[in-house]
Each structure stands twice: as C-alpha cells, then as structure tokens.
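Taking this note's numbering, the leading residue of the sequence shown gets 284, the next gets one more, and so forth.
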Amino acid sequence: MSALPARRWIALGDPSAFAAALSSRPVARTEHFVLHHAQLSTSTVSADAKPVEDTLQVGLVVPKRHARRAVTRNLIKRQARSAFDARAAALAAGNWVLRLRAPFDPKHFVSARSPALRASVRDEVGRLFAALPGGPRG
C-alpha cells in the first residue's frame, strides 16, 4: 500500500508576493506571531474561476528587533518550517507569511537556543495553525 506523496511548499521569494500577503488581513494571531494568507487567483471574475496554481508558498519574517541573536532567529524559522511541513496538506494554496510580531521575553529562557524556547515556539506556532478558520489542523 503506497501513501500519497505529501504536499510540499516552496519558499516565497518574490518581494511583491510578500507585500501582497502582508497587506492582507491576518488569518490567525497569537501573542508573538501573525499568519497572513493571500490566495492566488486569476484576474477575471467568473463562476468557475479556480486558483492559478495549487502551490503553497511560504515566507517567514523574523526581524532582528524582535530576535536579536541569529541563533534565535534560525530556531524560530526552523520551527516554523517544520510546522508548515506537517500541515501543508491541510492548508489552502497561495502565499502564506508567518511574521514574528513581538519578542520572546529573554528572562524566561536561559539561552538564545534553549529547549524551553524551542518548545515555546513550537507550541505557539501550533496554536496559530489551530486558530485558523475551519478548526484545528495537523
């Protein structure tokens, strides 16, 4: 019995696509993160209009002002990519941008790459996806 191939996502590289996704209303929000989604569609409006592509493009915005150390920014990005990997099949096609909107309090984490920070980021990103319209995902 062979399983269907898992749906993969690709990195969002076009600055105009980032801008379009970030200008859309957030689809989910937590204390530290905001998730934006911009659908890909044709420019003509018709009853049978379908998305141009069925791809999932993912962008991550982790500013230095919220995560000073590179090791922390990389940890956050790795956890976010892992979450997108796990939930790609359940997400709608289009451009998705996950943005860190507030810093994690350094008083609660012993180092920039502590297991506690990793678990906190993973849990919060999981809650972010669970808050998407349509209920819990993956």
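C-beta: ideal position from N, C-alpha, C; glycine also.
Opposing strand residues paired with residue i [DSSP bridges]
| i | result |
| --- | --- |
| His319 | Pro309 and Val380 |
| Gly342 | Val380 |
Backbone secondary structure at residue i - three-state DSSP
| i | result |
| --- | --- |
| Ala294 | strand |
| Phe387 | coil |
| Arg351 | coil |
| Pro416 | coil |
8 angstroms contact criterion, which residue i and residue j should meet: CB distance rounded
| i | j | result |
| --- | --- | --- |
| Ala300 | Gln340 | 7 angstroms |
| His319 | Ser307 | 5 angstroms |
Selection from the options that minimises the alpha carbon distance to residue i
| i | options | result |
| --- | --- | --- |
| Ala294 | Ser306, Ala350, Arg364 and Lys347 | Arg364 |
| Ala321 | Asn357, Ala304, Leu415 and Phe392 | Ala304 |
Residue environment, residue i, which counts as buried when at least 16 other CB atoms sit within 10 Å
| i | result |
| --- | --- |
| Val342 | Residue identity check: residue 342 is Gly in the sequence provided, not Val. Flag for Gly342 reads buried. |
| Val408 | buried |
| Arg351 | exposed |
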